[in-house]
Amino acid sequence: MQNQPSNIDLHVHTTASDGELTPVQLVAKAADSGVSVLAVTDHDSVSALSDAGRACAELGVSLISGVEVSSRWNNMDIHVVGLGLNAGDQRFLDRLQSQMNRRSERAQVMGQKLAKLGYPGLMEQAAMKAPQGIPARPHFAEALVEAGACKDRKQAFQRYLAQSKPAYVKTDWPEISEAVRWIREAGGIAVLAHPGRYKLTRTKLERLIKAFAESGGQALEVSVSTHGPEMVQQLADLALKYDLYASQGSDYHGPSMRWVQLGKMPALPSTCRPVLDLLEQRAR
Ligand code: AMP
Ligand code: MN
Ligand code: MN
Ligand code: MN
Numbered sequence: 218m219q220n221q222p223s224n225i226d227l228h229v230h231t232t233a234s235d236g237e238l239t240p241v242q243l244v245a246k247a248a249d250s251g252v253s254v255l256a257v258t259d260h261d262s263v264s265a266l267s268d269a270g271r272a273c274a275e276l277g278v279s280l281i282s283g284v285e286v287s288s289r290w291n292n293m294d295i296h297v298v299g300l301g302l303n304a305g306d307q308r309f310l311d312r313l314q315s316q317m318n319r320r321s322e323r324a325q326v327m328g329q330k331l332a333k334l335g336y337p338g339l340m341e342q343a344a345m346k347a348p349q350g351i352p353a354r355p356h357f358a359e360a361l362v363e364a365g366a367c368k369d370r371k372q373a374f375q376r377y378l379a380q381s382k383p384a385y386v387k388t389d390w391p392e393i394s395e396a397v398r399w400i401r402e403a404g405g406i407a408v409l410a411h412p413g414r415y416k417l418t419r420t421k422l423e424r425l426i427k428a429f430a431e432s433g434g435q436a437l438e439v440s441v442s443t444h445g446p447e448m449v450q451q452l453a454d455l456a457l458k459y460d461l462y463a464s465q466g467s468d469y470h471g472p473s474m475r476w477v478q479l480g481k482m483p484a485l486p487s488t489c490r491p492v493l494d495l496l497e498q499r500a501r
């Protein structure tokens, strides 16, 4: 079950978070790649959606409003994608603002930790690359590479930025159940993002999915560009067991990560109920 081209991609990033392409560039690339249904899902931000919406209308791509909310579960950072939400919902926008405040504080502390490790001024470097001057970890990774501290961004995560590494800062993200509630209260569908990327044992993965379902979560990202065939099958089985819809997305961040391509991911197993069905049902 290799990655294959699909016309549906429900997880991608732009320069409104840690992606490399502007919303307009991203949508043009989606249209070029044969993607006709696209959800833009920036980390804790919906600010790409208006530009993306205009570009999609011009190019005949159907845009689903999206977001990827940072949350905590069991002392780990877990991401919850929201699909089809009302991006103008003021209470939701206030909640995203609280996330950006957490990001801003976290970035300050990360900058201080990196300074102590011998790399002063990285906060400022990273901030120049970031939307609203609030850097995410990939912006710090880029700054570390430019400072000659690491050969590439992957190494920057492995040495400094990943959980339990010296520049990692634990962030007081909302609990996963709260992230689900925020998305649902804004009229969205809550989707557990890339469950195969949290490096969990089978037992823990199932516990996460059970907790997510019990919190009102509605779908799992079964088909993700970085999920291998066994993971896809395991997640398809768990989606069935916990009565969850299945989503598919590349988690595309831009051309420099050559192993992730827009619109490419494993096919959804036939036992899955596609989350698009749920989106369409609600639209009727
Ligand atoms: P943040 O939201 O600031 O915590 O940054 C998380 C983002 O960093 C993820 O969405 C990925 O884009 C990127 N990321 C996380 N872990 C790694 C890793 N090990 N290597 C490269 N990029 C990573
Ligand atoms: Mn990211
Ligand atoms: Mn994510
Ligand atoms: Mn993502």
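Under our numbering, the first residue of the sequence shown is numbered 218, with each subsequent residue one higher. Glycine residues also receive a C-beta, built at the ideal position from the N, C-alpha and C atoms.
Residue interval of the alpha helix (DSSP H) (run including residue 230): Where residue 230 is concerned, there is no enclosing alpha helix (DSSP H), given that its DSSP letter is neither H nor E.
Start-end ranges of the alpha helix (DSSP H) lying completely within the stretch 292–355, minimum 4 residues: 307–333 and 339–346
Closest Cα partner of residue 402 within the set 304, 220, 501 and 488: The shortest C-alpha to C-alpha distance from residue 402 to any of 304, 220, 501 and 488 is the one to 304.
Of the listed residues 234, 319 and 425, nearest to residue 390 (C-alpha basis): 319
Range of the contiguous alpha helix (DSSP H) that encloses residue 399: DSSP places residue 399 in the uninterrupted alpha helix (DSSP H) bounded by 393–402.
Buried or exposed by the 16-neighbour rule on C-beta atoms within 10 Å, applied to residue 416: exposed
Classification of residue 310 by the beta-carbon crowding that lies within 10 angstroms, buried from 16 upward: exposed
Contact under 9 Å by Cβ, residue 332 with residue 345: When the beta-carbon positions are compared, residue 332 and residue 345 stay at least 9 Å from each other.
Heavy atom of ligand 1 within 8 Å of residue 294 beta-carbon: yes
Cβ-heavy atom distance, residue 369 to ligand 2, below 8 Å: no
Opposing strand residues paired with residue 476 [DSSP bridges]: According to DSSP, residue 476 bridges with nothing at all.
Counted within 10 angstroms of its Cβ, other Cβ atoms place residue 418 as buried (16 or more) or exposed: With fewer than 16 other Cβ atoms from the protein chains shown falling within 10 Å of its own Cβ, residue 418 counts as exposed.
Beta-carbon proximity check, residue 244 vs residue 227, cutoff 9 Å: no
Buried/exposed call for residue 506, threshold 16 Cβ in 10 Å: Because the chain here runs from 218 to 501, residue 506 falls outside it and cannot be looked at.
Bridge partner(s) assigned by DSSP for residue 406: 300
Beta-carbon proximity of residue 284 to residue 270, cut-off 9 Å: no
Pocket of ligand 2 (residues with CB nearer than 7 Å to any heavy atom), chain order: 230, 234, 235, 260, 353, 355 and 470
Near ligand 4: residue 444 beta-carbon under 8 Å from a heavy atom: False, no ligand heavy atom lies under 8 Å from that Cβ.
Own chain residues within Cβ distance below 8 Å of residue 251, not counting five before or after: 222, 224 and 480
DSSP bridge partner residues for residue 280 (one or two, in chain order): Answer is 255.
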